[in-house]
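As given, the protein sequences belong to chains A and B, one line each in that order.
Note that the working numbering gives residue 53 to position 53 of the first sequence, counting from 1, and the numbers run on in steps of one.
Here the working numbering = 1-based position in the second sequence + 113.
Quick notes on the structure that follows.
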Amino acid sequence: AQTVTQSQPEMSVQEAETVTLSCTYDTSESNYYLFWYKQPPSRQMILVIRQEAYKQQNATENRFSVNFQKAAKSFSLKISDSQLGDTAMYFCAFGGSNYKLTFGKGTLLTVNP
Amino acid sequence: GAVVSQHPSWVICKSGTSVKIECRSLDFQATTMFWYRQFPKQSLMLMATSNEGSKATYEQGVEKDKFLINHASLTLSTLTVTSAHPEDSSFYICSAVRTDSNQPQHFGDGTRLSIL
Chain A
1 AQTVTQSQPE
11 MSVQEAETVT
21 LSCTYDTSES
31 NYYLFWYKQP
41 PSRQMILVIR
51 QEAYKQQNAT
61 ENRFSVNFQK
71 AAKSFSLKIS
81 DSQLGDTAMY
91 FCAFGGSNYK
101 LTFGKGTLLT
111 VNP
Chain B
114 GAVVSQHPSW
124 VICKSGTSVK
134 IECRSLDFQA
144 TTMFWYRQFP
154 KQSLMLMATS
164 NEGSKATYEQ
174 GVEKDKFLIN
184 HASLTLSTLT
194 VTSAHPEDSS
204 FYICSAVRTD
214 SNQPQHFGDG
224 TRLSIL
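The following block contains the structure:
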């Protein structure tokens, strides 16, 4: 079974600064995806970024980028130029060959003005 | 982008009644749909996997007779909470995916269920 660990229950950052959210996982699968989802107070699940395990290049989406360390089973999310609208719960998730998602417990990020 | 519609968004009902939640993929055919449950300030927990035309596969600890899942077409899955009690109050979220595509799961907006 897969496990996903987010060791930071809460984090805060000043507007316009950079913040990194941590995530580690454990699996015996060789082909998988890793995801970061954002859940604002509306509770909508918004896909932030996706990484395919066989790709060595780290995924980026505008201000969001990941540091994927496959050997260390680490998948951190960096948010640059933080904006007030980035305030949300962030979930790291593992997706295996059966398309099931295993979520971490989440990190509540607060962006302060 | 792909859209998944979940209905209703909020339902309040009396203890002992059954509640049906619908999950529709509006612009793609979803071979697989998933149902999650989320308690306040907690993560999403997978309840079951629903494949079109076959019986749902439930995760360990989820009562299949309490949470009835039907996936009769490639665009619709339903979750029925039978004889609901206050402890069933939670936020339920569905997601849908077409397994022969390279697309990630698309989530519905969730249903807040409150049992009085």
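Glycine residues also receive a C-beta, built at the ideal position from the N, C-alpha and C atoms.
These figures come from a predicted structure and were not determined experimentally.
If distances are taken between C-alpha atoms only, which option among the options comes closest to residue i?
| i | options | result |
| --- | --- | --- |
| W36/A | T27/A, Q51/A, K73/A | Q51/A |
| P40/A | S28/A, S22/A, F91/A | F91/A |
| V175/B | Y149/B, H184/B, Q119/B | Y149/B |
| I134/B | T144/B, K154/B, P121/B, V210/B | P121/B |
| K154/B | S80/A, P9/A, T110/A | P9/A |
| L47/A | Q216/B, A197/B, D140/B | Q216/B |
Using a Cβ-Cβ distance cut-off of 8 angstroms, determine whether residue i contacts chain B.
| i | result |
| --- | --- |
| K100/A | yes |
| Q8/A | no |
| G104/A | yes |
With residue i as the anchor, note down where its beta strand (DSSP E) starts and where it stops.
| i | result |
| --- | --- |
| L109/A | 107–112 |
| R43/A | From DSSP, R43/A is part of no beta strand (DSSP E); its letter is neither H nor E. |
| A185/B | 180–186 |
| V19/A | 19–21 |
| K55/A | Per DSSP, K55/A belongs to no beta strand (DSSP E) and is neither H nor E. |
| A161/B | 157–164 |
| Y149/B | 145–151 |
| H120/B | 117–120 |
| F204/B | 203–210 |
| L226/B | 224–228 |
| S82/A | Taken as a continuous stretch (DSSP letters only), S82/A belongs to no beta strand (DSSP E), as it is neither H nor E. |
So, is the C-beta of residue i closer than 8 angstroms to a C-beta in chain A?
| i | result |
| --- | --- |
| F180/B | no |
| P121/B | no |
| P217/B | yes |
| V210/B | yes |
In this structure, what does DSSP give as the bridge partners for residue i?
| i | result |
| --- | --- |
| K73/A | Paired residues: none, contrary to the question. |
| N67/A | S76/A |
| E95/A | At residue 95/A the sequence reads Gly, which differs from the Glu that was named. Paired residue(s): Y33/A, L101/A. |
| L192/B | I134/B, I182/B |
| Q88/A | Gln is not the amino acid found at residue 88/A; the sequence shown has Ala there. Answer by DSSP bridge pairing, in chain order: L109/A. |
| K38/A | I46/A, Y90/A |
Assuming residue i and residue j form a contact by the criterion Cβ under 8 angstroms, report the distance between their Cβ atoms to the nearest whole angstrom.
| i | j | result |
| --- | --- | --- |
| F103/A | L157/B | 5 angstroms |
| Q142/B | T188/B | 6 angstroms |
| S82/A | V13/A | 5 angstroms |
| A161/B | F180/B | 7 angstroms |
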